[in-house]
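Participant: Mind having a look at this structure? Questions to follow.
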Amino acid sequence: SITPERNQQELQEVGGTDFGFAFGDKARFRVAVFKQRGDIGMVLRQIPNLFLT
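In our numbering, each residue's number is its place in the sequence shown (first place is 1) plus 9.
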């Protein structure tokens, strides 16, 4: 699972959680995990690897 333990707990307690995930140095994502209609859904949004100043 890519979902950290504390976020898994938050998902169970409140029905949703958000966190960041890095795939090595290849890609970074903002992740939203949520419960909907009795199932678990996930949305990943790719964010730029480079920090803009």
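Where a beta carbon is used, it is the ideal one built from N, C-alpha and C, also for glycine. Since the model is a prediction, treat every value here as computed from it, not as a measurement.
1. Less than 8 Å between C-beta atoms, sequence neighbours within five positions excluded: which residues of the same chain meet that for Gln55?
2. Using CA atoms only, rank isn't needed, just tell me which of Leu20, Asp48, Pro13 is closest to Phe71.
3. Assuming the contact rule is C-beta atoms closer than 8 Å, Phe43 and Gly50 should be a hit. Round their C-beta distance to whole Å, please.
4. Can you check which of these residues, Gln21, Ser10, Arg15, is closest to Asp48 by C-alpha distance?
5. Looking at the strands, I want to know which residues DSSP matches up with Gly50.
Facilitator: On the basis of the coordinates in this document:
1. Ala36, Arg37, Phe38
2. Absent from the model: residue 71. The displayed extent of the chain is 10 to 62, so no value can be given.
3. 5 Å
4. Gln21
5. Phe43
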